[in-house]
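Worksheet for the structure shown next.
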Amino acid sequence: MTAIEGFHVGFAPSPALGNASTFIRRRDFLLLRLKGEDGTVGWGEVFNSPFAAAGFVRSRLAPLVLGQPAAEMGRLYQAMLGTLGYDRRGAAMMAVSAVDMALHDLAARARGISVARMLGGALRDRMLAYASGPFIAEGGAPYGAYPAQIEALLGRGFRAIKPRVGFAPRLDGAVMRAARRQVGDDVALMVDVNQGYSVGAAIESARHMEEADLLWIEEPLGPEDIGGYRAVAASARCAIAGGEALASLAAFRDFLEARTFSVLQPDLTVCGGFSGLRRVAALADAYDLPVMPHVFGTCVNAHAALQMGALLTARRGGGPAAYPFVEVDATANPLLSLGGAIAPRTDGTLAVPDAPGIGLELDPTRLEPWLSEHWALDAG
Ligand SMILES: [Mg+2]
903 MTAIEGFHVG FAPSPALGNA STFIRRRDFL LLRLKGEDGT VGWGEVFNSP
953 FAAAGFVRSR LAPLVLGQPA AEMGRLYQAM LGTLGYDRRG AAMMAVSAVD
1003 MALHDLAARA RGISVARMLG GALRDRMLAY ASGPFIAEGG APYGAYPAQI
1053 EALLGRGFRA IKPRVGFAPR LDGAVMRAAR RQVGDDVALM VDVNQGYSVG
1103 AAIESARHME EADLLWIEEP LGPEDIGGYR AVAASARCAI AGGEALASLA
1153 AFRDFLEART FSVLQPDLTV CGGFSGLRRV AALADAYDLP VMPHVFGTCV
1203 NAHAALQMGA LLTARRGGGP AAYPFVEVDA TANPLLSLGG AIAPRTDGTL
1253 AVPDAPGIGL ELDPTRLEPW LSEHWALDAG
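Just so you know, the sequence shown maps onto residues 903 to 1282 in the numbering used here.
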């Protein structure tokens, strides 16, 4: 690598995106652009803690990877893990994740092949897309716009839809039973509680939503409450999903040992990029647990998640297609479409690009309208 650039990009969703924990009024990301000896570039992303992760990239990771060949991403991943110190589940791991993602994009691009091909070959060239949305609205009717928004998602080709719930158990049941009547039996429905409930409320909500025939209930509790998840999983008839907030392999081990999740959703930008997620997936294989990447950010992670998804073991989860599905941010997100629209075909699937790297062509000048800060470090 001869250079690392950081692009701090963000925007203010309007209206704010409500979930059971918060109203998202600002979405900020760090995009990393690594440059190889031959001028080839690779992209990586931090979605959760971009400013803290940038500090870690600049102070600890850049000196490690600058001057080194991207093709040695395995050795570099080990070297980066060696810098974590006490921060094994936070922003430092997100920094490692972004650099690892960019190293994979760059190394595959330099060879003229996709990341999936570089990592052994894609198991599939299409995946069922699921819409992440609709979101809770501010004011007196948290789910009031859901019927119209679900109709719009069906019109966009989605055959699987994941609304936010978690406002109140009885309301969750009412809105999801209505959603089931609206979409019919052939469209998959799941819900995301975004860590918002207590154990008792999560169990109540699951009971009220039983008739909606959901594929999964995602993150009903705070992300570290293993005992709580065990209680909810034992009580709910529906599959419980989670894992987007877990970073270290040890954290995944603890949750899998406790048999908490029926669907595992690690995020490439949190759990160590391609290197980290492949380890998590291997661990999950030992538990016969379906894995699908969580993704809610820019075009960079969206493209990376397609490559990763193509490599994961297929498992039937009860929906219209075998897992893994691929998550699509269905909100108005200008950073998602910078490399071209990410939209399902009429059968609800997205193609896995076989183009070099993660299959994304991103001209950095296109980031300018959302750019708040740009920095660059070089090997010199
Ligand atoms: Mg989620």
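We put the CB at the ideal spot given by N, CA and C, even for glycine.
Item                                                                                                                                                                 : Value
Among G1220, G1250, W1272, which one has its Cα closest to the Cα of L1240?                                                                                          : W1272
Which residues in the same chain as P1192 place their Cβ atom closer than 6 Å to its Cβ, once the five residues preceding and following it in sequence are excluded? : V1165, R1217, G1219, Y1225
For R1079 and Q1167, I'd like the C-alpha separation in whole angstroms.                                                                                             : 25 Å
Any idea what DSSP makes of M1092, helix, strand or coil?                                                                                                            : coil
Do I1063 and L1055 have their beta-carbon atoms positioned less than 7 Å apart in this structure?                                                                    : yes
Are the CB atoms of G946 and A1004 nearer to each other than 7 Å?                                                                                                    : yes
In whole angstroms, what separates the C-alpha of A1009 from that of G1261?                                                                                          : 13 Å
Looking at C-alpha atoms only, which residue of H1205, S1137, A1047, C1140 is the closest neighbour of D1169?                                                        : H1205
Of the choices G1014, A955, A1033, whose alpha-carbon is the least far from that of G1250?                                                                           : A1033
Is the beta carbon of G1068 closer than 7 Å to that of Y1099?                                                                                                        : yes
Quick one: which unbroken alpha helix (DSSP H) runs of 4-plus residues sit fully inside the region 1000-1074? Chain order, please.                                   : 1017-1020, 1048-1057
Within 10 angstroms of its Cβ, does A1152 collect 16 or more other Cβ (buried), or is it exposed?                                                                    : exposed
From what residue to what residue does the beta strand (DSSP E) around D1280 run?                                                                                    : 1273-1280
At what residue ranges does the region 1134-1167 contain a whole run of the beta strand (DSSP E), taking only runs of 3 or more?                                     : 1142-1144
Pick helix, strand or coil for G1259, following the three-state DSSP scheme.                                                                                         : strand
Taking G944 as the reference, which of P971, R1082, A922, R962 has the closest Cα?                                                                                   : P971
So what's I1105 in DSSP terms, helix, strand or just coil?                                                                                                           : helix
Helix, strand or coil for T1267 per DSSP?                                                                                                                            : helix
In the DSSP output, what is T1251 paired with across the bridge?                                                                                                     : L1030
Tell me whether G1174 is buried or exposed, calling it buried when 16 or more other Cβ atoms sit within 10 Å of its Cβ.                                              : buried
Which two residues bound the contiguous alpha helix (DSSP H) that contains V1182?                                                                                    : 1175-1187
Give me the Cα-Cα distance between I926 and P915, rounded to the nearest whole angstrom.                                                                             : 7 Å
Can you tell me where the alpha helix (DSSP H) with R1218 in it begins and where it stops?                                                                           : Note, R1218: premise wrong, no alpha helix (DSSP H); not H, not E.
Could you give the DSSP three-state label for G946: helix, strand or coil?                                                                                           : strand
Would D860 be called buried (16 or more neighbouring beta carbons within 10 Å of its own) or exposed?                                                                : This structure cannot settle anything about residue 860, because the visible part of the chain is limited to 903 through 1282.
What's the gap between the Cα of A1090 and the Cα of G1282?                                                                                                          : 52 Å
At the level of alpha carbons, what is the spacing between P1236 and H910?                                                                                           : 14 Å
Is D1336 near ligand 1, in the sense that its beta carbon is under 6 Å from a heavy atom of that ligand?                                                             : Because the chain spans 903 through 1282 in this model, residue 1336 falls outside it and cannot be assessed.
When you compare only the Cα positions, how much space is there between F1154 and N950?                                                                              : 18 Å
State the start and end residues of the unbroken alpha helix (DSSP H) segment that holds R977.                                                                       : 975-983
Hey, would you say the C-beta of E1121 is under 6 Å away from at least one heavy atom of ligand 1?                                                                   : yes
The alpha helix (DSSP H) with L1208 in it runs from where to where?                                                                                                  : 1201-1211
Pull up the DSSP beta-bridge partners for E1229, would you.                                                                                                          : Y1032
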